[in-house]
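Colleague: One structure is given below, represented as structure tokens, and several questions about it will come after.
There are 4 protein chains.
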Amino acid sequence: MPDSLDALNGRLLKFARERDWEQFQSPKNLAMALAGEAGELLEHFQWLTEQQSASLGPEKTRAVAHELADILSYLIRLAERLDVDLIAATEEKIAINEQRYPVDRVRGDARRAAEYER
Amino acid sequence: MPDSLDALNGRLLKFARERDWEQFQSPKNLAMALAGEAGELLEHFQWLTEQQSASLGPEKTRAVAHELADILSYLIRLAERLDVDLIAATEEKIAINEQRYPVDRVRGDARRAAEYER
Amino acid sequence: MPDSLDALNGRLLKFARERDWEQFQSPKNLAMALAGEAGELLEHFQWLTEQQSASLGPEKTRAVAHELADILSYLIRLAERLDVDLIAATEEKIAINEQRYPVDRVRGDARRAAEYER
Amino acid sequence: MPDSLDALNGRLLKFARERDWEQFQSPKNLAMALAGEAGELLEHFQWLTEQQSASLGPEKTRAVAHELADILSYLIRLAERLDVDLIAATEEKIAINEQRYPVDRVRGDARRAAEYER
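Protein sequence lines, in the order shown, are assigned to chains A, B, C and D. Just so you know, we're using my numbering here: the first sequence kicks off at 257 and counts up by one. Just so you know, we're using my numbering here: the second sequence kicks off at 257 and counts up by one. Just so you know, we're using my numbering here: the third sequence kicks off at 257 and counts up by one. Just so you know, we're using my numbering here: the fourth sequence kicks off at 257 and counts up by one.
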């Protein structure tokens with residue numbers, strides 16, 4: 257995990273250790289915590305139209321930014337616990353998706369993509 | 257969004273634009289996609305003990321790494337759509353949590369933390 | 257848990273016992289499994305407009321119906337494990353919501369409701 | 257949707273209509289709301305051991321019961337919007353699972369089941 261994510265992981269690990277919370281951070285529990293935060297993220301958007309979701313205003317944007325931060329924090333902790341390089345894994349996964357969804361077959365068709373995903 | 261996340265965003269944006277998928281990537285939809293991936297992450301861990309979740313083996317670790325990659329990808333896209341600096345937002349949120357969970361009051365007590373969160 | 261839910265719980269319990277899977281069905285694990293299925297539900301809808309989501313066609317409706325079934329199954333199992341009467345709890349919660357969201361204050365305003373929820 | 261679920265749907269629909277909220281209850285939005293509640297459910301369990309999750313105490317059980325109620329409420333609304341019979345769909349899905357996971361092949365092995373699910 258390079259650069260800025262690495263620095264965040266150091267700070268998150270220190271935070272957990274000072275509170276003796278590392279004992280609770282099994283991959284299973286971190287996955288739950290991440291999904292719980294993803295649920296909170298949904299709650300900000302669930303009754304908005306797509307258009308409204310693109311212009312939240314400063315106060316709501318800040319609240320959503322903090323949800324994104326919580327998700328990134330658990331993602332970083334989980335990657336560290338599993339010894340996964342988040343950036344490398346994402347580059348690898350994007351390369352897979354570039355193969356899986358050829359431009360000429362899926363262009364403009366998100367539903368087609370959803371079927372491919374199955 | 258600095259450095260490696262910035263590079264990933266560029267690649268993800270190019271991926272979406274080549275497929276004419278940017279039109280589907282409203283913040284609302286990206287939040288749903290992120291939460292859907294978080295659900296897939298859970299499925300890897302739901303029947304494992306905490307201990308088993310900490311030693312997955314190479315094949316399962318790679319599968320989980322790809323789920324983490326999917327989550328990070330949607331997180332990066334969402335941050336870009338909302339004009340949020342992911343790293344700065346995470347630093348800010350960690351600082352808030354350092355205040356919110358004072359070491360001497362929550363040490364070793366994850367449930368206490370959960371109550372604070374409410 | 258009355259009537260039809262009660263019958264489903266009996267069948268689900270028999271299913272789990274015959275496979276010796278009851279040992280995995282701790283409330284924690286069942287909550288994860290339920291949330292995992294909720295993630296699958298999202299994936300059916302994430303790239304659709306709201307309007308498209310209201311007219312899925314028979315094949316997709318059946319796939320979604322099976323996700324709803326999975327969610328209901330875990331919900332029933334979880335309620336049984338925690339000795340919760342699902343129907344009574346839902347009646348109680350609706351009564352609370354009727355108080356919490358007075359008609360004259362929230363009429364036509366879903367965002368207002370979202371703020372109340374915080 | 258028979259009996260008690262039917263009665264709950266009537267009450268939930270009246271609740272929504274009195275507040276002019278039915279307009280927000282597209283299947284897409286209801287799926288998000290359901291998944292958001294599933295996220296809240298996770299938060300109750302994420303730092304507990306499996307054993308702790310099985311003996312929550314009365315106060316926490318009541319809080320979890322209300323999360324289950326929220327999930328059931330959105331499930332019922334979603335089924336109604338999609339014209340799905342929840343009970344029949346669940347019976348059908350259980351029958352499929354009985355075929356998919358033959359007792360003699362998956363007995364005592366939850367991980368095997370997870371692989372089948374893929």
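Even for Gly, the Cβ is constructed at its ideal location relative to N, Cα and C.
ALA310/C to ARG275/A, Cα distance in whole Å?
Modeller: For ALA310/C and ARG275/A, the distance between alpha carbons rounds to 48 Å.
Colleague: Quick test of the definition: if touching needs 3 or more C-beta pairs under 8 Å, does the stretch 295-314 of chain A touch the stretch 335-349 of chain A?
Modeller: In short, these stretches do not touch, since the Cβ pair count stays below three.
Colleague: On a Cα-Cα basis, can you pick out the residue from PHE280/C, GLN279/C and ALA287/C that is closest to ALA335/C?
Modeller: Of PHE280/C, GLN279/C and ALA287/C, the residue nearest in Cα terms is ALA287/C.
Colleague: Taking the CB atoms as reference points, tell me whether LEU297/A and GLU323/A lie closer together than 7 Å.
Modeller: Yes.
Colleague: Is the beta carbon of PHE301/B less than 7 Å from the beta carbon of LYS284/A?
Modeller: Yes.
Colleague: Specify the secondary structure class of ALA238/C as computed by DSSP and reduced to three states.
Modeller: Residue 238/C falls outside the range modelled here, since chain C spans only 257 to 374, and no answer is possible.
Colleague: I need the straight-line Cα distance from TRP277/D to ALA366/C, nearest angstrom please.
Modeller: The straight-line gap from Cα to Cα measures roughly 7 Å.
Colleague: Short of 9 Å Cβ to Cβ, which residues in the stretch 339-353 of chain B face chain A?
Modeller: The residues in question are ASP339, VAL340, ASP341, LEU342, ILE343, ALA344, ALA345, THR346, GLU347, GLU348, LYS349, ILE350, ILE352 and ASN353.
Colleague: Using CA coordinates, which residue listed in ALA263/D, ARG363/D, GLY292/D and ASN265/D is at the minimum distance from TRP303/A?
Modeller: Taking only the C-alpha atoms, the option nearest TRP303/A is GLY292/D.
Colleague: I need the straight-line Cα distance from GLY313/A to ALA289/B, nearest angstrom please.
Modeller: Straight-line Cα distance between these residues: approximately 22 Å.
Colleague: Out of ILE350/A, ARG318/A, ALA294/A and ASP326/A, which one is the CA nearest neighbour of ASN265/A?
Modeller: It is ASP326/A whose Cα lies nearest to the Cα of ASN265/A.
Colleague: Determine the extent of the alpha helix (DSSP H) in which VAL362/D is found, giving its start and end residues.
Modeller: Note, VAL362/D: alpha helix (DSSP H), 359-362.
Colleague: Among GLU315/C, THR317/C, ALA294/C and ARG363/C, whose alpha-carbon lies nearest the alpha-carbon of LEU331/C?
Modeller: Taking only the C-alpha atoms, the option nearest LEU331/C is ALA294/C.
Colleague: Would a C-beta distance cut-off of 7 Å place ALA319/D and VAL340/C closer than the cut-off?
Modeller: Not closer than 7 Å, so no.
Colleague: Determine whether the Cβ of ALA289/D lies closer than 7 Å to any Cβ atom of chain B.
Modeller: By this cut-off, ALA289/D is not an interface position.
Colleague: For ARG333/A, count neighbouring Cβ atoms within 10 angstroms of its own Cβ and tell me buried if that reaches 16, exposed if not.
Modeller: Burial call: buried.
Colleague: Just to make sure I have the definition right: I need the residues of chain B whose C-beta is within less than 7 Å of the C-beta of ASN285/A. Which are they?
Modeller: Within chain B, the residues near ASN285/A are GLU306.
Colleague: The alpha helix (DSSP H) with GLU274/B in it runs from where to where?
Modeller: Segment 259-274, the alpha helix (DSSP H) holding GLU274/B.
Colleague: If we define contact as Cβ-Cβ less than 7 Å, is ALA366/C a contact residue for chain A?
Modeller: Closer than 7 Å to some Cβ of chain A, the Cβ of ALA366/C qualifies, so yes.
Colleague: Would you grab the beta carbon distance between ASP259/D and SER260/C for me? Rounded to a whole angstrom, and I think it's under 8 Å.
Modeller: Indeed they touch by this definition, with Cβ atoms about 6 Å apart.
Colleague: Any heavy atom of the ligand COA inside 6 Å of the beta-carbon of LEU312/C?
Modeller: In terms of ligand content, the structure shown is empty, and the ligand COA therefore cannot be addressed.
Colleague: Quick one: list the residues of chain D neighbouring ALA310/A, beta-carbon separation under 8 Å, in chain order.
Modeller: Correct list: empty, because the minimum Cβ distance to chain D is about 16 Å.
Colleague: Taking DSSP as the reference, what is the three-state secondary structure of SER282/D?
Modeller: Here SER282/D sits in coil by DSSP.
Colleague: Under the rule that 16 or more other beta-carbon atoms within 10 Å means buried, what is ARG374/A, buried or exposed?
Modeller: At ARG374/A the pLDDT is 44, less than 50, meaning the model places this residue with poor confidence and gives no usable figure here.
Colleague: If you draw a straight line from the alpha carbon of GLU338/B to that of ARG337/C, how long is it in whole angstroms?
Modeller: At residue 338/B the sequence reads Leu, which differs from the Glu that was named. One C-alpha to the other measures close to 41 Å.
Colleague: For TRP277/C, decide whether its Cβ has a neighbour in chain D, counting only Cβ atoms nearer than 7 Å.
Modeller: True, the Cβ-Cβ gap to chain D drops below 7 Å.
Colleague: So what does DSSP say about ARG374/A, is it helix, strand or coil?
Modeller: Below a pLDDT of 50, predicted positions are generally treated as unreliable, and ARG374/A, at 44, falls in that range; the measurement from the model is reported next regardless. In the structure shown, ARG374/A sits in coil (DSSP, three-state: anything other than H, G, I, E or B).
Colleague: With distances taken from CA atoms, which of ARG356/B, LEU328/B and LYS270/B is nearest ARG363/A?
Modeller: The candidate whose alpha carbon is nearest that of ARG363/A is LYS270/B.
Colleague: I'd like to check one pair, ILE350/A with GLU267/B: are the Cβ atoms closer than 7 Å?
Modeller: Checking the displayed sequence, the identity of residue 267/B turns out to be Arg instead of Glu. Cβ atoms of ARG267/B and ILE350/A: closer than 7 Å.
Colleague: Tell me which residue opens and which closes the alpha helix (DSSP H) that LEU342/A is part of.
Modeller: Element bounds for LEU342/A: 342-356.
Colleague: Tell me whether LEU328/C sits in a helix, a strand or coil according to DSSP, three-state version.
Modeller: Looking at LEU328/C - three-state DSSP - the assignment turns out to be helix.
Colleague: Whole angstroms is fine: what's the gap from SER329/B's alpha carbon to THR317/C's?
Modeller: If you take the alpha carbons of SER329/B and THR317/C, they lie about 29 Å apart.
Colleague: What does GLU274/A reach in chain B if we use C-beta pairs closer than 7 Å?
Modeller: The answer, in chain order, is VAL359.
Colleague: Would you mind telling me which residues of chain C sit closer than 7 Å to LEU334/D, beta carbon to beta carbon, in chain order?
Modeller: Residues of chain C passing the Cβ test: LEU324.
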